[in-house]
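K.L.:
Take the sequence shown: its letters are residues 54 to 169, numbered as in our numbering. Every residue, glycine too, gets a C-beta built ideally from N, C-alpha and C.
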Amino acid sequence: MWEMIVTSLGGTFLGAFFGWFFGRKRQNIDTIDAAVETWKKIVDSLQEQIDRLLEQRASDAAKIESLSEQVKQQNAHIEELKEQVSSMEMKVKSVNRLEKTIARYEKLMDAAGIEY
Numbered sequence: 054m055w056e057m058i059v060t061s062l063g064g065t066f067l068g069a070f071f072g073w074f075f076g077r078k079r080q081n082i083d084t085i086d087a088a089v090e091t092w093k094k095i096v097d098s099l100q101e102q103i104d105r106l107l108e109q110r111a112s113d114a115a116k117i118e119s120l121s122e123q124v125k126q127q128n129a130h131i132e133e134l135k136e137q138v139s140s141m142e143m144k145v146k147s148v149n150r151l152e153k154t155i156a157r158y159e160k161l162m163d164a165a166g167i168e169y
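#1: What did DSSP end up calling G51 once you bin it into helix, strand or coil?
#2: My output table needs one value for I167: the three-state DSSP class, helix, strand or coil.
#3: Return the CA-CA distance between V96 and E132, expressed in angstroms with no decimal places.
#4: Excluding five sequence neighbours on each side, which residues of the same chain lie with their C-beta closer than 7 Å to the C-beta of R150?
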C-alpha cells in the first residue's frame, strides 16, 4: 500500500514537473512572439512617422525655395526703388537750386525795373 501511495505521488510529481517544464518553454515562446509582434507594430508606426516627416520636409524645402525666390525678387525691386528715390532727390535738389536762382534773378530784375 505504501508503494502505491509513493508511486502515485511520484507519478503526480513527475507529471506536474514535466508539464510545468515544457509549458514554461511554450510560455516563453508565446511571450517572445508577442514581443516580436509589438516590436513590428512599433517599427511600422515609426516608419510611417518617418515617411510623413520626409514628405513634410520636402514640402517645406519647396516652400522655402519659393519664398527665397520671392525675397530675391523683392530685394531687386527695393534696389530699383532706391535708385529711383536717389534720382528723384537729385532732381529735387536741382529744381530747388534752379528755383532759388530764378528767385534771385527776379529780385535783380525787379530792382533794376526790368519787366519779365
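P.N.:
Checking against the coordinates, here is how it stands:
#1: No statement about residue 51 is possible, as the shown extent of the chain runs from 54 to 169 and does not include it.
#2: coil
#3: 53 Å
#4: none
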